[in-house]
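J.:
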Amino acid sequence: MLQIKGLTVTHKKDLKVIIKDFSFVLNEGDKAVLIGEEGNGKSTILKLICREEETDYVSYEGEINRGGMKLGYLPQELSEEDAEKTVYDYLAEEGQLFLMTPKELSRLSGRLGVSGELFYSDQKMGTLSGGEKVKIQLARLLMEQPDVFFLDEPSNDLDLDAIAWLEQFIQELKCPVMYISHDRKYIHEVCDTVYELTEEGLSKTCL
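Heads up: the sequence shown begins at 257 in this note's numbering, then just goes up one per residue.
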């Protein structure tokens with residue numbers, strides 16, 4: 257179980273409170289979506305949970321209890337550094353690629369709907385289509401075998417076929433998932449809990 261209690265986040269530059277008293281729990285099998293106006297701190301929440309070292313622009317109070325879980329994080333955009341890597345270098349960076357058997361890699365490529373040859377491509381990550389980019393990032397996450405997935409607007413820059421594939425992928429994941437989305441149809445197709453972040457605070461809706 258991953259739990260956030262009373263999270264209040266303040267911008268260091270102007271001391272503006274962007275998130276106030278945010279709390280939620282992710283249990284086994286949960287599919288939760290975080291929605292709200294652009295720029296109101298949704299991505300910051302995911303970064304605080306998964307990559308706290310990248311959030312030196314804010315300070316926070318409250319409790320982030322990761323419960324010893326291994327976190328898988330898909331950022332809204334590739335970093336400039338990752339965009340310049342080849343697909344092979346990106347996947348091989350953490351070493352898991354070398355631990356997988358040909359059969360396991362074939363099963364993974366089939367699950368993602370891509371050719372296994374793409375895993376060894378010298379094409380740069382930044383030149384991939386939106387769908388390919390997301391699938392390769394998910395391939396690396398799946399190789400790392402996280403206990404929970406955090407996806408920051410994963411449907412951005414995807415065509416309709418890729419969005420349909422992503423919906424099914426999230427639905428079939430056995431582990432908990434929290435993702436950010438602005439697509440209302442996508443929200444109701446995939447999730448069982450909606451957290452809406454507004455200036456007044458947080459509301460929770462179970463579907």
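Glycine is no exception: its CB is placed at the ideal position from the N, C-alpha and C atoms.
(1) Taking residue 352 and residue 400 to be in contact with their CB atoms under 8 Å, please state how far apart those CB atoms are, rounded to whole angstroms.
(2) Since residue 332 and residue 409 should fall inside the 8 Å C-beta cutoff, what is the C-beta to C-beta distance between them, to a whole number of angstroms?
(3) For the 8 Å Cβ check, are there 3 or more pairs between the stretch 274-289 and the stretch 444-462?
(4) Starting from the Cα of residue 320, find the closest Cα among 388, 265, 377, 449 and give me that residue.
(5) Leaving out the 5 sequence neighbours to the left and right, which residues in its chain are closer than 8 Å to residue 362 when beta-carbon positions are compared?
(6) Should residue 407 and residue 296 be called a contact, given that it needs their Cβ atoms to be closer than 9 Å?
(7) Residues in the same chain with beta-carbon distance under 8 Å from residue 289, minus the five sequence neighbours each way, listed in chain order, please.
(8) Below 9 Å between beta carbons: does that hold for residue 326 and residue 403?
(9) Roughly how far, in whole angstroms, is the beta-carbon of residue 382 from the beta-carbon of residue 415, given that I think they are within contact range, below 8 Å?
(10) So which of 330, 323, 357, 268 has the shortest CA-CA distance to residue 313?
(11) Kindly indicate which residue of 367, 419, 306, 417 has the alpha-carbon position closest to the one of residue 398.
(12) Starting from residue 276, trace the alpha helix (DSSP H) both ways and give me its first and last residue.
(13) So who's on the other strand from residue 261, going by DSSP bridges?
(14) Kindly give me the distance between the Cβ atoms of residue 346 and residue 307, rounded to whole angstroms, as I take these residues to be in contact under 8 Å.
(15) Measure the C-alpha to C-alpha separation of residue 284 and residue 405 and round it to an integer number of angstroms.
T.: The structure says:
(1) 6 Å
(2) 5 Å
(3) yes
(4) 265
(5) 372
(6) no
(7) 434, 435, 436, 437, 443, 446, 447, 449, 450, 451
(8) yes
(9) Contact doesn't hold; Cβ gap of about 18 Å is too wide.
(10) 268
(11) 367
(12) Unbroken run through residue 276 is the beta strand (DSSP E), 273-282; no alpha helix (DSSP H).
(13) 319
(14) The Cβ separation is near 17 Å, so there is no contact.
(15) 11 Å
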